Structure formats: C-alpha cells, structure tokens
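To start, the structure under review is shown below, and the notes come after it.
Number of protein chains: 2
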Amino acid sequence: MTPSVEEISEHLLKHNIKPSYQRIKILEYLVTKRNHPTADEIHKELVKEIPSLSKTTIYNTLKTFIETNLARVITIEENETRYDADISDHGHFKCDECGSIYDFRVNIDILEPDELESFKINEKNVYYSGICKKCISKEEG
Amino acid sequence: MTPSVEEISEHLLKHNIKPSYQRIKILEYLVTKRNHPTADEIHKELVKEIPSLSKTTIYNTLKTFIETNLARVITIEENETRYDADISDHGHFKCDECGSIYDFRVNIDILEPDELESFKINEKNVYYSGICKKCISKEEG
DNA sequence: TTGCATATTTGTAATGATTACATTTGTATT
DNA sequence: AATACAAATGTAATCATTACAAATATGCAA
Ligand SMILES: [Mn+2]
Ligand SMILES: [Mn+2]
Ligand SMILES: [Zn+2]
Ligand SMILES: [Zn+2]
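Below is the structure:
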C-alpha cells in the first residue's frame, strides 16, 4: 500500500486541492503510515526531509483535508487530536500500554438507537481502549 | 432526579472520597444537571455560590472522580474535555447546531469485532454527531 | 520574459485549557 | 492549644492550537 506521488496528486485533485509539495508529503505520510498521528508527529517526521516545513502548514493542511473529507479527526483521548486518511466506517482501539491505535471493521449500523429516531446522524465514532494483543503476550512472557 | 446532600455524601464515601463542601457541590452539579459539562462550565456555575472556588479544585476533584470511577471523561470533540457522572454503558450524540449532548442507550456488546479477538477491552465509547430533533423542527418550523 | 494577482507557506505572537507547585486554609487528634 | 495531615487556593508554567502578518511561490496577461 504505497501509492506513487502521481496517485497522491490525483487524490488531492479529485478533492479540488492543489497538490503542492507540502500537501503531497502530508497526505503521503497519512496514507502510507496509517498510524493515526498527531500534527506534531507528522511535523517531526517530515521536517527531516523538508527543513523549512512549518507547523502552521501542517495544521492548515490538515484542516483543508478535514473540510474536503480527505481525512478525518480521531479523538480517542483528550489533548491529542489525531488524523486518519481512511474515511471509511471503522472503529479504533487504543492500547493503554504501548499507545498504538488499531483499526477494526465494525458494522455500526446494527446499533440503531431508538432514542435518536428523528435525529440526523452525520458521523458515527466507535472508540475502544484496553491492552493490545502484543502487549498481552509480552506481559505473559 | 435531585439527590440530597446526604445522598451525594454517601456516594462519595462509598468511593472512599472525603465529602468536602467543594466535592459535594461538584458531584451534585454533575448528577443533577447531567449535561456533560467542561471543567470551565462547572466552575462558571459553582463560583456564583462559592466565590473562592478555584479552577484547580475543579480539575483536582474531577481527576479524583475519574480515578475512583465516580465519573468518566467524554471526548467527542477535540479541545473540550467533558465529564459524566453516569458511568453506565451508553452512547453520546452531539448536535452540531446547538451543541447539546444527548445520552442514548446502546447495546455495544453486539458489535464484537473479530479483529480484537485476543485484545483486553477496558472501555467502549460510542460518539455520534449531527443535528438533533429540536434543531431539525426549528429549521422546518 | 516581465509584472501583477492570487494562493500557499512560513515565523511569531496570542490564546486557552490543563498542570505543577508552593502557600494557605480547614479538619481531626492529642 | 499544638500538631499533623488533607484539601483548597493562587500563580506560574506548559503545551497544543490558532491568528495574523510577512515572505515565497505559482499562474497568467501583457
Ligand atoms: Mn483508522
Ligand atoms: Mn452521558
Ligand atoms: Zn499495546
Ligand atoms: Zn440541536
């Protein structure tokens, strides 16, 4: 799953975003790493390649991505806004031990709460937390 | 649903928290209002009655409540940590129009994602957003 | 090609929520 | 009352995010 720069550019253009160097790099980071990073994590990594890269650009670009539905925000825990270029319906699991965030497929539509009968639902989010498989086997030794 | 000061005190004692005046007031606020407030909202309201009340006390007390499982954190949106004294399993809906947060009963255990087979799940959160009933009828009316 | 309009990026300062920490106040016990 | 301990307070520090103005890049007309 490593799309070429051309494919990334196409992706941006499809959402009416001009594919600047910075935007390509940021979206490339999101779609290849798939690690639900914070703005700071993206910056720390990309600034190695683009020393002039500003944190403001990271924030501006992510804001643009969110608005154009190219990415979405993940807020499992307070004080850390994370970003995900996978906008398909799926849940997130955060390991309290190692901090990793896992995706998982989930059929959210099964829930159908009666109490939200006449509500217009735009977004559905499912967040779990606990201890991941890796950390469990590590503990057991 | 307006518990007496005695009942609030009992509730605190049951969780091994000494029922100080401030703690009683903060817990009373949470259980009577049931509005998933931010720390600031709690402070703004209670400082009317307790002019000396410090924001630090709000934060310290809420932290204690979380640790003793007397309340839980709700993080629907970034940059606003909210608190809920209802620790039963239920989902939250936030209206993008009026900002209200609604509770809804939901049987989360139906989901059972295969991918989390050998994971230890400690917490499950379900957050929806959209437009609430009231705001829909307001728009139509 | 040059010059201009516009979009994008950058750097710095401001904001706002949360936390750290030292001081003060309250409570219980002797 | 004196002491010890817990809780509350006020202030300063931290940290993520945003605001804003200046610099840079891009696209196009002359
Ligand atoms: Mn994801
Ligand atoms: Mn609730
Ligand atoms: Zn783990
Ligand atoms: Zn509403």
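Taken in sequence, the protein lines are chains A and B. Per my numbering, residue 1 is the first one in the first sequence, and the count goes up by one each step. Per my numbering, residue 1 is the first one in the second sequence, and the count goes up by one each step. No residue lacks a Cβ here, since even glycine has one placed at the ideal position from N, Cα and C. On a predicted model such as this, the values are computed, not experimentally measured, just so you know.
Considering only the alpha carbon of each residue, which of A/K14, A/F104, A/K48 lies closest to A/Y29? One-based indexing of the first sequence puts residue 29 of chain A at position 29. Ranking A/K14, A/F104, A/K48 by Cα distance to A/Y29 puts A/K48 first.
B/L111 and A/I110 - do their beta-carbons sit closer together than 9 Å? Translated into positions along the first sequence, residue 110 of chain A becomes position 110. Translated into positions along the second sequence, residue 111 of chain B becomes position 111. The criterion of a C-beta distance shorter than 9 Å is satisfied by A/I110 and B/L111.
Nearest to B/H11 (by Cα), restricted to the options B/Y102, B/D86, B/G141, B/P113: By one-based count along the second sequence, residue 11 of chain B stands at place 11. Closest by alpha carbon: B/D86.
Tell me whether the region 53 to 69 of chain A and the region 6 to 25 of chain A touch, counting them as touching only if at least three CB pairs, one residue from each stretch, are closer than 8 Å. The region 53 to 69 of chain A is in contact with the region 6 to 25 of chain A.
Name the chain B residues whose beta carbon is nearer than 9 Å to that of A/F65? One-based indexing of the first sequence puts residue 65 of chain A at position 65. The contacting residues do not exist; A/F65 stays about 15 Å from chain B at best.
Say the cut is 8 Å; is the CB of B/R34 nearer than that to a heavy atom of ligand 2? Indexing the second sequence from 1 puts residue 34 of chain B at position 34. Using a cutoff of 8 Å, the CB of B/R34 counts as near ligand 2, since one of the ligand's heavy atoms is closer than that.
Beta bridge counterpart(s) of B/K72 as assigned by DSSP: Residue 72 of chain B sits at position 72 when you count from the first residue of the second sequence. Note that residue 72 of chain B corresponds to Arg in the displayed sequence, not to Lys. BP columns for B/R72 point to B/D84.
Do A/E115 and B/F104 come within 9 Å of each other at the CB atom, strictly closer than that value? By one-based count along the second sequence, residue 104 of chain B stands at place 104. By one-based count along the first sequence, residue 115 of chain A stands at place 115. Yes; because the gap between Cβ atoms is below 9 Å, this pair is in contact.
Out of A/I8, A/K124, A/I131, which has the shortest C-alpha to C-alpha gap to B/N122? As a first step, residue 122 of chain B must be located in the second sequence, where it is residue number 122. Nearest to B/N122 by C-alpha distance, out of A/I8, A/K124, A/I131, is A/I131.
Can you have a look at B/S129 and say buried or exposed, based on whether 16 or more other CB atoms are within 10 angstroms of its CB? Against the second sequence, residue 129 of chain B aligns to sequence position 129. With a threshold of 16 other beta carbon atoms within 10 Å, B/S129 meets it and is buried.
By Cβ distance, which residues of its chain are closer than 7 Å to B/I66, with the 5 residues on each side in sequence left out? Counting from one through the second sequence, the residue named residue 66 of chain B turns up at place 66. Here the set comprises R72, V73.
Mind reading off the beta-carbon distance from B/E80 to B/T32? Whole number of angstroms is fine, and I expect it under 8 Å. Within the second sequence, the letter at position 80 stands for residue 80 of chain B. Within the second sequence, the letter at position 32 stands for residue 32 of chain B. About 21 Å; that fails the 8 Å criterion.
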